[in-house]
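> Residue numbers (this note's numbering), protein chains in the order written: chain A, 614 to 755; chain B, 614 to 755; chain C, 614 to 755; chain D, 614 to 755.
This is the structure I have questions about; it appears just below.
Protein chains: 4
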Amino acid sequence: MTVQMSIDEMTAFLDEVFPQVRDDVGIERMDAEGLVMRLRVAERHLRPGGTVSGPAMFGLADVAAYVATMARIGPKALAVTTNCSIDFMRKPQAGCDILARAEVLKLGRALSVIEVRLYSEGTEAPVARAGLTYSIPPERSG
Amino acid sequence: MTVQMSIDEMTAFLDEVFPQVRDDVGIERMDAEGLVMRLRVAERHLRPGGTVSGPAMFGLADVAAYVATMARIGPKALAVTTNCSIDFMRKPQAGCDILARAEVLKLGRALSVIEVRLYSEGTEAPVARAGLTYSIPPERSG
Amino acid sequence: MTVQMSIDEMTAFLDEVFPQVRDDVGIERMDAEGLVMRLRVAERHLRPGGTVSGPAMFGLADVAAYVATMARIGPKALAVTTNCSIDFMRKPQAGCDILARAEVLKLGRALSVIEVRLYSEGTEAPVARAGLTYSIPPERSG
Amino acid sequence: MTVQMSIDEMTAFLDEVFPQVRDDVGIERMDAEGLVMRLRVAERHLRPGGTVSGPAMFGLADVAAYVATMARIGPKALAVTTNCSIDFMRKPQAGCDILARAEVLKLGRALSVIEVRLYSEGTEAPVARAGLTYSIPPERSG
């Protein structure tokens with residue numbers, strides 16, 4: 614699938630529609646092969662003991678799935694998550710960023726289905742995997 | 614099922630193990646009939662347009678499932694979420710807190726399964742529903 | 614929500630669009646309060662040891678969610694399951710039918726979201742729960 | 614991960630513990646790289662119009678996840694599915710077998726997490742994907 618936006622365009626778009634994640638996430642890679650996003654892990658993402666919280670991982674998977682969809686169809690702020698099933702498999706390593714690899718499995722007219730795997734940076738076994746469905750609103754004719 | 618802890622005890626326990634949600638959530642009700650928790654919606658939980666973000670709703674469902682499990686088995690900080698499947702069904706109302714109603718469907722030796730429904734306060738149609746599985750670590754004998 | 618079809622009409626419709634479940638399932642109740650369907654457990658639904666198989670329970674949840682949706686919108690054979698998340702919680706009792714109770718949580722123009730709980734007949738603790746999403750095709754104008 | 618059983622041993626084990634799938638499924642490949650299983654599509658797996666039914670696809674994903682787990686830990690008939698989240702993405706092609714590719718994402722002492730993708734034979738876009746969790750019973754000491 615062809616990518617419709619550059620990383621700079623996507624980052625500017627995210628700043629506008631997801632201002633609260635601006636300081637948290639960055640796009641590492643976005644091309645025909647796939648998408649990689651980084652969660653810059655900070656104090657507010659942690660549970661006692663230093664592990665990254667579930668909601669922080671969910672948030673990363675969610676924004677990665679959104680960006681992977683937007684990369685294909687162009688910026689449509691109104692796309693919304695309708696379902697997410699996430700498996701938490703391993704405790705993230707303390708003091709490490711989390712990387713998300715997203716793959717668009719289906720891009721239909723109304724729905725996209727995305728698989729996301731999360732890794733502690735530098736490790737090979739995923740800490741979590743998620744399947745997400747985004748609902749894509751129909752074009753409003755001008 | 615009998616509740617093993619009072620709301621005050623549970624709130625003190627949450628302060629210790631989930632310090633980052635201290636200002637965000639409160640227990641409205643916790644008894645044999647079920648659990649209700651409140652997300653005090655603040656600026657940091659919102660998306661542009663005033664709707665509550667997906668990660669904020671996921672976080673509320675996750676902590677409600679945790680508290681519902683702890684209420685039955687007593688405080689075990691090490692219980693961890695292994696799976697969550699969440700359906701986002703309606704846009705939460707702007708300017709409203711979100712209430713979570715949690716029901717423990719199974720409490721086994723190793724796993725608990727919890728159903729959570731989320732509502733904008735004062736409305737009857739749920740904004741989201743989630744099914745969560747918590748893994749409960751075996752007792753360490755002293 | 615108002616029911617658009619009688620049990621007889623729905624049974625005739627199912628015979629046409631799901632002929633392979635004709636002998637397996639029956640509608641016990643279908644009204645504004647909800648839907649109950651029965652799986653008449655037979656040899657082909659069992660695993661060694663006499664327990665009902667996962668696919669047989671999935672199939673019952675799936676058809677119950679479909680019927681619950683059709684009951685509200687009238688017969689639209691083309692509605693298709695897009696997602697199902699199912700938790701298997703207890704071993705069904707040997708020699709018992711399975712009852713499914715379905716609740717429509719959302720009925721939108723394009724999607725319905727349904728919660729289904731499965732029980733061994735005569736017991737109160739659910740053997741499984743499922744959340745399903747059905748995609749409802751747009752009306753074709755004649 | 615090392616495979617503990619040959620395809621012949623696994624097929625004999627499946628005949629014993631899943632006799633009802635004996636004629637339906639076969640193991641195409643089972644080695645350190647992964648597992649591929651085939652659903653030999655027959656009349657009983659079809660919906661009107663010739664498409665493979667949801668329960669038939671669920672059943673294939675379930676048995677593929679089971680076999681992928683057994684291949685690593687050896688035959689333990691008592692392992693049970695605790696959760697499955699499945700996305701149905703495309704209509705399977707009429708007259709084609711379905712192939713399942715399973716990947717074990719986590720193999721813990723008590724749980725395994727498996728990702729399965731289903732394809733109409735000869736096509737590249739998956740018709741469905743599923744994430745499954747199996748509960749592995751503790752060894753009973755003799």
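Note that beta-carbon positions come from the ideal geometry of N, C-alpha and C, so glycine has one too.
Just so we're clear, the structure is a prediction, and the values are computed from it rather than from any experiment.
Please report the distance separating the alpha-carbon of A:L659 from that of B:A690.
About 15 Å.
> Is B:P750 close to chain A? Criterion is C-beta to C-beta, closer than 7 Å.
So, not an interface residue.
> I'd like the list of long-range same chain contacts for D:E629, defined as Cβ closer than 6 Å, with 5 residues on each side in sequence excluded.
Within the same chain, D:E629 has no close Cβ partners at all.
> Could you tell me the alpha carbon to alpha carbon distance between D:E728 and D:A715, rounded to whole angstroms?
For D:E728 and D:A715, the distance between alpha carbons rounds to 6 Å.
> How would you call B:A674, buried or exposed, if buried means at least 16 neighbouring beta carbons within 10 angstroms?
So B:A674 counts as buried.
> Tell me the residue span of the beta strand (DSSP E) that contains D:A741.
Unbroken beta strand (DSSP E) run through D:A741: 741-748.
> Which bits of chain B does D:L724 rub up against, with CB to CB less than 8 Å?
Here the neighbours are T695, S748.
> How would you call A:R635, buried or exposed, if buried means at least 16 neighbouring beta carbons within 10 angstroms?
By the 10 Å Cβ count, A:R635 comes out exposed.
> Comparing alpha-carbon positions, which option in A:S666, A:T736, A:P688, A:I749 lies nearest A:S725?
Looking at the Cα atoms, A:I749 is the closest of the given residues.
> Give every residue of the same chain whose Cβ lies closer than 7 Å to the Cβ of A:V717, excluding the five residues on either side of it in the sequence, and list them in chain order.
Closer than 7 Å at the Cβ level, and outside the excluded window around A:V717, lie M614, A681, T682, R685, S725, I727.
> Under 7 Å between beta-carbons, which chain C residues line up against B:E728? List them in chain order, please.
Neighbours of B:E728 on chain C, chain order: R742.
> Is it the case that the Cβ atoms of D:R651 and D:G639 are separated by a distance below 7 Å?
Result yes, Cβ atoms of D:R651 and D:G639 sit closer than 7 Å.
> Considering Cα atoms alone, identify which of D:P632, D:D637, D:D644 is closest to D:I620.
When only C-alpha atoms are compared, the closest one is D:D644.
> Return no unless some Cβ of chain A is closer than 7 Å to the Cβ of B:D637.
So no, B:D637 is outside the interface.
> Of all the residues that make up the segment 654-685 of chain C, which are near chain B by a beta-carbon distance shorter than 9 Å?
Against chain B - using a Cβ distance shorter than 9 Å - the segment 654-685 of chain C contributes no residues.
> Any idea if A:R742 is buried or exposed, counting beta-carbon neighbours within 10 angstroms, 16 or more meaning buried?
Looking at its Cβ environment, which holds 16 or more other Cβ atoms inside 10 Å, A:R742 is buried.
> Any beta carbon of chain G sitting closer than 7 Å to that of A:I711?
Of the protein chains in the structure, A, B, C and D, none is chain G.
> B:M623 versus chain C: which residues are under 8 Å apart at the beta carbon?
None at all; the shortest Cβ gap to chain C is about 24 Å.
> CB-CB under 6 Å to D:G744, same chain, minus the five flanking residues each way: which ones, in chain order?
Closer than 6 Å at Cβ, skipping near neighbours: S698, E728.
> Consider the Cβ of B:S619: report whether some Cβ of chain D lies at a distance smaller than 7 Å.
No - not a single Cβ of chain D is within 7 Å of the one on B:S619.
> Between C:S754 and chain A, is the shortest Cβ-Cβ distance under 7 Å, so that the two count as touching?
Confidence in C:S754 is poor, its pLDDT being 45 and thus under 50, which makes the residue's placement unreliable; the coordinate value appears in the next sentence. By this cut-off, C:S754 is not an interface position.
> Which residue wins for smallest C-alpha separation from D:M623, given the options D:R657, D:F671, D:V676, D:E656?
Out of D:R657, D:F671, D:V676, D:E656, D:V676 has the C-alpha closest to the C-alpha of D:M623.
> Nearest by alpha-carbon distance to D:A707: which of D:A692, D:F671, D:A655 is it?
If we check each option's Cα against that of D:A707, D:A655 comes out closest.
> Using DSSP with H/G/I as helix, E/B as strand and the rest coil, what is C:A645?
Coil, per DSSP.
> What does B:I711 pair with, by DSSP beta-bridge criteria?
Beta-bridge pairing links B:I711 to B:L652, B:S733.
> Under 9 Å between beta-carbons, which chain B residues line up against D:S698? List them in chain order, please.
Chain B residues near D:S698: N696, S698.
> For the candidate residues B:G667, B:A723, B:G647, B:I711, whose alpha-carbon lies nearest to that of A:F631?
Closest by alpha carbon: B:G667.
> Should A:E737 and A:C709 be called a contact, given that it needs their Cβ atoms to be closer than 7 Å?
Taking 7 Å as the Cβ cut-off, A:E737 and A:C709 do not qualify as a contacting pair.
> B:D637 to B:R653, Cα distance in whole Å?
Taking the straight line joining both Cα atoms gives about 5 Å.
> Taking B:D636 as part of the alpha helix (DSSP H), name the residues at either end of that continuous run.
It is not in any alpha helix (DSSP H) - B:D636 carries neither H nor E in the DSSP assignment.
> Hey, out of A:V693, A:R703, A:G721, whose CA is closest to A:L731's CA?
Among A:V693, A:R703, A:G721, the Cα nearest to that of A:L731 belongs to A:R703.
> Could you check what DSSP says for C:T682 in three-state terms: helix, strand or coil?
Note: C:T682 maps to helix in three-state DSSP.
> So with CB distances below 8 Å, who are the chain D contacts of C:Q706?
Those within 8 Å of C:Q706 in chain D number zero; the least Cβ separation is about 15 Å.
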